[in-house]
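Participant: Residue numbers (the working numbering): 822 to 1230. The C-beta atom is built at its ideal place from N, Cα and C for all residues, glycine as well.
#1: Touching or not, the stretch 1078-1093 and the stretch 907-916, by the rule of three or more beta carbon pairs under 8 Å?
#2: With burial defined as no fewer than 16 other Cβ atoms inside 10 Å of the residue's Cβ, what is the status of residue 933: buried or exposed?
#3: Anyone know if the C-beta pair for residue 890 and residue 921 falls short of 8 Å?
#4: Considering only their Cβ atoms, is the gap separating residue 864 from residue 871 smaller than 8 Å?
#5: Going by DSSP, what residue range makes up the beta strand (DSSP E) through residue 939?
#6: Can you check which of these residues, 900, 1029, 981, 943, is closest to residue 937 by C-alpha distance?
#7: Do you know how far the Cα of residue 1076 is from the Cα of residue 892?
#8: Just to confirm, is the Cβ distance from residue 1054 to residue 1015 under 8 Å?
#9: Assess contact between the stretch 987-994 and the stretch 1019-1039, defined as three or more Cβ pairs (one per stretch) separated by less than 8 Å. Is contact present?
#10: Below 6 Å CB to CB, which residues in the same chain sit around residue 875 once its five sequence neighbours on both sides are set aside?
#11: By DSSP, does residue 1053 sit in helix, in strand, or in coil?
#12: Does residue 852 pass the burial test, meaning 16 or more other C-beta atoms within 10 Å, or should it be called exposed?
#13: Give the straight-line distance between the Cα atoms of residue 1086 and residue 1092, rounded to the nearest whole angstrom.
#14: Between residue 949 and residue 919, which are expected to be in contact by the criterion C-beta below 8 Å, what is the C-beta distance as a whole number of angstroms?
#15: So, are the CB atoms of residue 902 and residue 1009 less than 8 Å apart?
#16: Name the two residues that bound the continuous beta strand (DSSP E) containing residue 955.
#17: Following the continuous alpha helix (DSSP H) through residue 923, name the residue where it begins and the one where it ends.
#18: Rounded to whole angstroms, what's the CA-CA distance from residue 854 to residue 966? Just pull it up for me.
#19: Taking the CB atoms as reference points, tell me whether residue 1057 and residue 1174 lie closer together than 8 Å.
#20: Answer with buried or exposed for residue 868, where buried requires no fewer than 16 other C-beta atoms within 10 angstroms of its C-beta.
#21: How long is the line joining the alpha carbons of residue 1113 and residue 1121, rounded to whole angstroms?
#22: Kindly provide the ranges of any beta strand (DSSP E) runs that are 3 or more residues long and lie completely inside the stretch 846-875, ordered along the chain.
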């Protein structure tokens, strides 16, 4: 519980905002904004970034990175009605795309009336709900500028809250709860946030993966109306996970939306959040806390072999090596590179997660494989299973050599 105070803390935290939120903001400008209620309300109303700068500064321990600004841009853009974000652990994706998104979408310019947050478990649903609840209960500046908010304890306990002043509602549920046809005052959900619907156990359970995907497309997606915004957040679980399937649907134009991948470092070993991880040594220290498989999947957003310990023949782990060796005359556009949405992200080279070689072979239709390996007969690329395994071993060894060479730099 956050203690209440008669002191107005935002008047003495200008330095904190400068240090922990966004570089380049002058202290005198911040002071003018924070002391001018009409100005700060207008800025926060128009822009989710300013909403965070003014009211949620305590949620950020480090200055924002360009990929955070890109997430704020997606929230602000009303044309982005379907957003899927795969980001490394502790990247701040839930703080921005869940907590900030839910609050700003109701209190700010979108003026959403019904927000539904779907999580994997009841505990996670409660945690997401508590984050929002505490801001509404104890964030004095937020209450002063956008309140009053409901204090009905029975509603809190049901993980449902109504913002009476805004005639809006936020509901947090677990993946297993039935929400088919749910409405608030005849209004369908106008913002649906799915935050970490899967965990690593889904990697080994096809039935669970199918159940999650089918529930998403048959029950969660139809909840809204024509212009309901759907936001899906998570990490890389496996090749057939929900986020990977959504990525392919967005790329294949089956879903009109945007997919974003944010690994901890890009393909050129450029750190995405340099304010938090100041150099590659910091990255290596963090890496020691995790197994190789977890590090590759959940921080680098790389697909590994089936044992999740050693890297399998993953094309995106060795992009330049594979291009140079297998397609010397066609180096442009062979690997799917994420296009920046804002200018600040143009300096990053982020490759989208890709299927491993055995899965690419099994598809029998993969154009990327043809580009990388030439005009092979995909119906019979290898005669025996042993030849597939041999190719897997060869690429694994090439990756090991590539990793040793580049990680020493």
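Facilitator: Considering the structure as presented:
#1: yes
#2: Reading the chain shown from its first residue, position 112 is the one you call residue 933. The residue in question, residue 933, is buried, as its Cβ has 16 or more Cβ neighbours within 10 Å.
#3: One-based indexing of the chain shown puts residue 890 at position 69. One-based indexing of the chain shown puts residue 921 at position 100. No, these two residues do not count as a Cβ contact at 8 Å.
#4: Here residue 871 corresponds to residue number 50 of the chain shown, with the count starting at 1. Here residue 864 corresponds to residue number 43 of the chain shown, with the count starting at 1. Contact: yes.
#5: Working through the chain shown from its first residue, we reach residue 939 at position 118. Where residue 939 is concerned, the enclosing beta strand (DSSP E) stretches over 935-940.
#6: Looking up residue 937 in the chain shown gives position 116. Checking every option, the nearest Cα to that of residue 937 belongs to 981.
#7: Start at 1 with the first residue of the chain shown, and residue 892 comes out as number 71. Start at 1 with the first residue of the chain shown, and residue 1076 comes out as number 255. C-alpha separation (whole angstroms): 19 Å.
#8: Taking the first residue of the chain shown as 1, we reach residue 1054 at position 233. Taking the first residue of the chain shown as 1, we reach residue 1015 at position 194. Yes, the pair counts as a contact, with Cβ atoms nearer than the cut-off.
#9: no
#10: For this step, residue 875 is matched to residue 54 along the chain shown. Contacts found: 861, 865.
#11: Your numbering for residue 1053 matches position 232 in the chain shown. Residue 1053 falls in the strand class under three-state DSSP.
#12: Within the chain shown, the letter at position 31 stands for residue 852. Exposed, by the Cβ-count rule.
#13: Taking the chain shown and counting its residues from 1, one reaches residue 1086 at position 265. Taking the chain shown and counting its residues from 1, one reaches residue 1092 at position 271. Answer to the nearest angstrom: the Cα atoms are 4 Å apart.
#14: Along the chain shown, read from residue 1 onward, the residue named residue 949 stands at position 128. Along the chain shown, read from residue 1 onward, the residue named residue 919 stands at position 98. The pair is a contact, with the Cβ atoms about 6 Å apart (cut-off 8 Å).
#15: Here residue 902 refers to the residue found at position 81 when the chain shown is read from its first residue. Here residue 1009 refers to the residue found at position 188 when the chain shown is read from its first residue. For residue 902 and residue 1009, no; Cβs fall outside 8 Å.
#16: Here residue 955 corresponds to residue number 134 of the chain shown, with the count starting at 1. No beta strand (DSSP E) holds residue 955; the alpha helix (DSSP H) holding it covers 943-959.
#17: Looking up residue 923 in the chain shown gives position 102. Note, residue 923: alpha helix (DSSP H), 922-928.
#18: Taking the chain shown and counting its residues from 1, the one referred to as residue 854 is at position 33. Taking the chain shown and counting its residues from 1, the one referred to as residue 966 is at position 145. For residue 854 and residue 966, the distance between alpha carbons rounds to 13 Å.
#19: Looking up residue 1057 in the chain shown gives position 236. Looking up residue 1174 in the chain shown gives position 353. The answer is yes: Cβ separation under 8 Å.
#20: Taking the chain shown and counting its residues from 1, one reaches residue 868 at position 47. Per the 10 Å Cβ criterion, buried.
#21: The residue you call residue 1113 lines up with position 292 of the chain shown. The residue you call residue 1121 lines up with position 300 of the chain shown. About 10 Å.
#22: none
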